[in-house]
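S.K.:
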Amino acid sequence: MTELDDLKLKVLELLKEDARRTPTLLATLLGVDEQDVCKSIKELEDQHVIVKYAAVVNWDKVDDEKVTALIEVQITPERGRGFEGIAERIYLYPQVKSVYLMSGAYDLLVEVEGRNLREVANFVSEKLSPIDSVLSTKTNFTLKKYKQDGIIFEDHQEDNRLMISP
Amino acid sequence: MNLKSEAFTDSNKAMSSYLSPLVREIPSSGIRKFFDLVGSNKDIITLGVGEPDFTTPWHMREACVYSLERGFTSYTSNAGTPELREAISEYLNEQFDVRYDPKKEIIVTVGGSEAIDLALRALIVPGDEILVPEPCYISYSPITSIGGGIPVGIETFAKDEFKLTAEALEAKITPKSKVLILCYPSNPTGATMTYEDWLPIAELVEKHDLIVISDEIYAELNYGDKHVSFASVPGMMDRTILVSGFSKAFAMTGWRIGYTCGHPDLIAAMLKIHQYTVMCAPSMGQVAALEGLRNGLGEKDRMVEAYNQRRRLMVEGFRDIGLECHEPRGAFYVFPSIQSTGLSSDEFAQRLLTEAKVAAVPGNVFGLGGEGYLRCSYATSVGQLTEALDRIGHFVEKVKKEG
Chain A
1 MTELDDLKLK
11 VLELLKEDAR
21 RTPTLLATLL
31 GVDEQDVCKS
41 IKELEDQHVI
51 VKYAAVVNWD
61 KVDDEKVTAL
71 IEVQITPERG
81 RGFEGIAERI
91 YLYPQVKSVY
101 LMSGAYDLLV
111 EVEGRNLREV
121 ANFVSEKLSP
131 IDSVLSTKTN
141 FTLKKYKQDG
151 IIFEDHQEDN
161 RLMISP
Chain B
1 MNLKSEAFTD
11 SNKAMSSYLS
21 PLVREIPSSG
31 IRKFFDLVGS
41 NKDIITLGVG
51 EPDFTTPWHM
61 REACVYSLER
71 GFTSYTSNAG
81 TPELREAISE
91 YLNEQFDVRY
101 DPKKEIIVTV
111 GGSEAIDLAL
121 RALIVPGDEI
131 LVPEPCYISY
141 SPITSIGGGI
151 PVGIETFAKD
161 EFKLTAEALE
171 AKITPKSKVL
181 ILCYPSNPTG
191 ATMTYEDWLP
201 IAELVEKHDL
211 IVISDEIYAE
221 LNYGDKHVSF
231 ASVPGMMDRT
241 ILVSGFSKAF
251 AMTGWRIGYT
261 CGHPDLIAAM
271 LKIHQYTVMC
281 APSMGQVAAL
291 EGLRNGLGEK
301 DRMVEAYNQR
311 RRLMVEGFRD
321 IGLECHEPRG
331 AFYVFPSIQS
341 TGLSSDEFAQ
351 RLLTEAKVAA
361 VPGNVFGLGG
371 EGYLRCSYAT
381 SVGQLTEALD
391 RIGHFVEKVK
401 KEG
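Residue numbers (full-length UniProt numbering), protein chains in the order written: chain A, 1 to 166; chain B, 1 to 403.
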């Protein structure tokens with residue numbers, strides 16, 4: 001686990017809000033040298049703390065049919081490797097968007113994306129379920145996404161404040 | 001207008017002639033005129049807003065909702081709930097080193113504005129002179145006039161970082177001077193005062209037997225040295241009526257929860273007016289404010305940090321544009337000089353609005369010393385501020401080419 005200094009934490013927070021912010025803007029906002037910001041970003045990238053810069057997309061707004069399912073998977077852990085090997089086997093499939101090891105009623109939560117229900121169902125029945133260590137799967141299709149990564153998708157809150165106030 | 005009132009007006013005199021001269025003679029606010037102008041324009045980025053762009057933190061809203069579900073909807077005691085007054089007392093003591101007895105020295109008010117009104121009404125005898133360092137929040141002078149007092153402006157200057165100096169204050173003191181109104185951190189300049197800045201002011205207050213109304217609504221929004229309450233200066237506690245509230249630091253403008261603290265005799269007098277006019281501050285707002293003091297200080301700090309970042313962006317932005325801009329140490333306003341463009345504050349603000357679609361408030365509406373400046377609030381997103389600076393830059397370039 002990397003222990004981050006105050007500057008790096010602030011840089012991360014500001015880039016999490018908007019990844020397109022330039023080092024110049026970040027330096028101005030934080031009141032530090034641009035060089036220090038660039039150095040921090042470089043180190044965060046090298047340490048794989050910043051993994052990627054990506055857009056958060058509300059696909060519901062786009063005419064591009066996609067189906068997402070959250071699949072609860074119960075597995076038998078492998079001797080010596082626990083859940084790691086089986087998790088890797090699952091997350092290497094390109095249709096798998098995320099994999100989490102969970103406490104509670106099941107072991108892995110697997111997010112799968114496909115063009116339609118059948119594609120996702122086929123993945124579960126042909127790829128996921130046949131894996132030896134997989135004991136059971138429970139597929140939950142996502143009907144609507146309201147919030148992701150702290151961003152509320154339908155939240156077009158107008159600025160209702162007076163345009164001018166004392 | 002209905003028939004009855006038309007007949008009444010025709011056969012008698014203009015309705016406005018019934019108004020108290022004290023009210024009739026107050027000029028309409030410059031900010032109001034500008035407000036009307038902004039209202040008719042579209043697609044504007046506004047830097048004119050004197051309130052946070054954050055929503056009241058969720059846990060405070062939730063505390064209010066829960067209190068409503070439990071049926072907490074009645075009047076509270078006139079001075080506010082004992083729990084909230086207790087929490088305010090502890091908060092002021094911990095944050096600003098001033099100690100007030102929650103039972104006798106604190107009133108929870110309908111925003112800081114009511115507190116200022118209460119203080120002035122409790123103190124003014126018609127003809128009293130009320131000293132007001134300017135540029136300042138636009139309400140002090142009109143409220144003084146309504147109370148029959150005479151507002152006396154004290155001009156402050158960018159070369160002094162818009163701080164009040166003892167020389168400027170003493171020059172305006174007369175035998176009729178009774179009250180000094182202070183507002184630091186300042187709306188609109190963002191100026192703050194240090195302990196050393198306060199000492200000579202306190203000496204004059206003592207020497208000339210003045211009472212101070214210290215509006216510290218922006219106390220938490222302080223980006224340099226820690227805020228020094230005027231009441232914490234030795235000898236000033238009994239002479240100071242401290243006014244503050246939750247609007248700015250806790251993003252609670254619409255809830256209208258403020259408070260005022262002072263000597264028990266002054267507070268008792270103010271409480272008389274308060275109980276006959278508003279009875280008590282809204283009960284549900286008091287619940288949210290209490291939750292803020294108990295569990296919301298982290299949220300407050302997060303908002304202050306965001307303002308600080310934007311402050312740096314604005315100061316550097318205006319300097320890059322070529323406009324002089326003193327560094328504000330508090331509140332959420334920058335007050336750049338637009339004198340190098342050759343335009344007056346009004347002209348600049350109006351043209352900026354119509355030609356660049358950016359709304360900011362002309363400095364002259366804030367009184368003496370405001371002409372030649374523009375108040376820009378940075379209580380809006382970094383994206384909007386960046387865009388606004390870009391537009392202002394192009395506008396200033398265009399104006400300078402014309403000149």
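Ideal placement from N, C-alpha and C gives every residue a C-beta, glycine not left out.
In its own chain, which residues sit with a C-beta less than 8 Å from the C-beta of residue 139 (chain B), not counting the 5 before and 5 after it?
M.R.: Excluding sequence neighbours, residue 139 (chain B) sits near 113 and 116.
S.K.: Would the stretch 34 to 45 of chain B and the stretch 11 to 21 of chain B be scored as touching if the rule is three or more Cβ pairs under 8 Å?
M.R.: Result no; under three Cβ-Cβ pairs closer than 8 Å.
S.K.: Can you pull the chain A residues whose beta carbon is under 9 Å from the beta carbon of residue 347 (chain B), in chain order?
M.R.: The contacting residues do not exist; residue 347 (chain B) stays about 17 Å from chain A at best.
S.K.: Tell me whether residue 57 (chain B) sits in a helix, a strand or coil according to DSSP, three-state version.
M.R.: Here residue 57 (chain B) sits in coil by DSSP.
S.K.: Along the stretch 342 to 370 of chain B, what residues have a CB closer than 8 Å to any CB found in chain A?
M.R.: Under the 8 Å Cβ criterion, the stretch 342 to 370 of chain B contributes 359 and 361.
S.K.: Taking just the CA atoms, how far does residue 212 (chain B) sit from residue 239 (chain B)?
M.R.: If you take the alpha carbons of residue 239 (chain B) and residue 212 (chain B), they lie about 6 Å apart.
S.K.: Measuring CB to CB, does residue 253 (chain B) end up less than 8 Å from residue 52 (chain B)?
M.R.: Taking 8 Å as the Cβ cut-off, residue 253 (chain B) and residue 52 (chain B) qualify as a contacting pair.
S.K.: For residue 156 (chain A) and residue 380 (chain B), what's the separation of their Cα atoms in angstroms?
M.R.: Those two C-alpha atoms are separated by around 16 Å.
S.K.: DSSP three-state call for residue 1 (chain B): helix, strand or coil?
M.R.: Here the model assigns residue 1 (chain B) a pLDDT of 47, short of 50, so the residue's position is not dependable and the matter cannot be decided.
S.K.: Listing by chain order, which chain A residues have their CB less than 7 Å from the CB of residue 309 (chain B)?
M.R.: Result: 29 and 30.
S.K.: Does the distance from the C-beta atom of residue 47 (chain B) to that of residue 388 (chain B) stay below 8 Å?
M.R.: Cβ atoms of residue 47 (chain B) and residue 388 (chain B): closer than 8 Å.
S.K.: Please compile the residues from chain B whose C-beta is within a distance smaller than 7 Å of the C-beta of residue 152 (chain A).
M.R.: Result: empty, since nearest Cβ-Cβ is about 12 Å, beyond 7 Å.
S.K.: Could you work out which residues of chain B lie near residue 130 (chain A), taking near to mean beta carbons separated by less than 9 Å?
M.R.: By Cβ distance, chain B contributes nothing, its closest Cβ being about 45 Å from residue 130 (chain A), past 9 Å.
S.K.: Can you check whether the CB of residue 216 (chain B) is closer than 8 Å to the CB of residue 233 (chain B)?
M.R.: No. Outside cutoff.
S.K.: Quick one: does residue 4 (chain A) have its CB under 8 Å from some CB of chain B?
M.R.: For residue 4 (chain A), the answer is no, since every Cβ of chain B falls outside 8 Å of its Cβ.
S.K.: Short of 7 Å in beta carbon distance, which residues of its chain neighbour residue 143 (chain B), apart from the five on each side in sequence? Order them along the chain.
M.R.: The residues are 116, 117 and 120.
S.K.: How big is the Cα-Cα spacing for residue 1 (chain B) and residue 17 (chain B)?
M.R.: Bear in mind that the predicted position of residue 1 (chain B) carries a pLDDT of just 47, short of 50, making it unreliable; the figure below should be weighed with that in mind. Their backbone Cα atoms lie some 17 Å apart in a straight line.
S.K.: What are the uninterrupted segments assigned as beta strand (DSSP E) that are 3 or more residues long and contained completely in the stretch 157 to 209 of chain B, given in chain order?
M.R.: As far as the stretch 157 to 209 of chain B is concerned, its whole beta strand (DSSP E) runs of at least 3 residues are 177 to 183.
S.K.: Strictly below 8 Å CB to CB, what residues from chain B border residue 164 (chain A)?
M.R.: Within 8 Å Cβ-Cβ: 31, 34, 35, 38, 46, 48, 49, 359 and 361.
S.K.: In chain B, which residues lie less than 7 Å from residue 161 (chain A) when you measure between Cβ atoms?
M.R.: Residues of chain B passing the Cβ test: 49 and 51.
S.K.: Counting Cβ pairs, one atom from each stretch, are 3 or more of them under 8 Å apart for the stretch 299 to 307 of chain B and the stretch 275 to 287 of chain B?
M.R.: The answer is no - the stretch 275 to 287 of chain B does not touch the stretch 299 to 307 of chain B, with fewer than three Cβ pairs under 8 Å.
S.K.: For residue 224 (chain B), which residues in the same chain have their Cβ closer than 7 Å to its Cβ, ignoring the five residues on either side in sequence?
M.R.: Result list for residue 224 (chain B): 192 and 329, in chain order.
S.K.: Out of B:308, B:311, B:312 and B:44, which one is the CA nearest neighbour of residue 167 (chain A)?
M.R.: Residue 167 (chain A) lies beyond the range of chain A shown here (1 to 166); nothing can be said about it.
S.K.: Identify every residue that forms a DSSP beta bridge with residue 222 (chain B).
M.R.: Answer by DSSP bridge pairing, in chain order: B:330.
S.K.: Tell me the residue span of the beta strand (DSSP E) that contains residue 71 (chain A).
M.R.: Run containing residue 71 (chain A): 67 to 75, per the beta strand (DSSP E) assignment.
S.K.: Within 10 Å of its beta-carbon, does residue 61 (chain A) have 16 or more other beta-carbons around it, so buried, or fewer, so exposed?
M.R.: Exposed, by the Cβ-count rule.
S.K.: Select from B:54, B:248 and B:363 the residue whose C-alpha is nearest the C-alpha of residue 343 (chain B).
M.R.: Answer by Cα proximity: B:363.
S.K.: Compute the distance between the beta-carbons of residue 53 (chain A) and residue 19 (chain A), then report whether it is under 8 Å.
M.R.: Taking 8 Å as the Cβ cut-off, residue 53 (chain A) and residue 19 (chain A) qualify as a contacting pair.
S.K.: Of all the residues that make up the stretch 290 to 320 of chain B, which are near chain A by a beta-carbon distance shorter than 7 Å?
M.R.: Cβ contacts with chain A: 309, 312, 313 and 316.
S.K.: Starting from residue 100 (chain A), trace the alpha helix (DSSP H) in both directions and tell me its first and last residue.
M.R.: Per DSSP, residue 100 (chain A) belongs to no alpha helix (DSSP H); it is in the beta strand (DSSP E), 96 to 101.
S.K.: Note the first and the last residue of the continuous beta strand (DSSP E) segment covering residue 259 (chain B).
M.R.: Here the beta strand (DSSP E) through residue 259 (chain B) covers 258 to 261.
S.K.: In angstroms with no decimal places, state the Cα-to-Cα distance between residue 251 (chain B) and residue 83 (chain B).
M.R.: C-alpha separation (whole angstroms): 21 Å.
S.K.: Beta carbons nearer than 8 Å to chain A: which residues of the stretch 131 to 147 of chain B have them?
M.R.: Residues passing the 8 Å Cβ filter: 137, 138 and 139.
S.K.: Could you have a look at residue 254 (chain B) and say whether DSSP puts it in helix, strand or coil?
M.R.: Residue 254 (chain B) falls in the helix class under three-state DSSP.
S.K.: Could you give the distance in angstroms between the alpha-carbon of residue 87 (chain B) and the alpha-carbon of residue 6 (chain A)?
M.R.: One C-alpha to the other measures close to 31 Å.
S.K.: Considering only the alpha carbon of each residue, which of B:174, B:130, B:208 and B:276 lies closest to residue 214 (chain B)?
M.R.: Here the closest residue by C-alpha is B:130.
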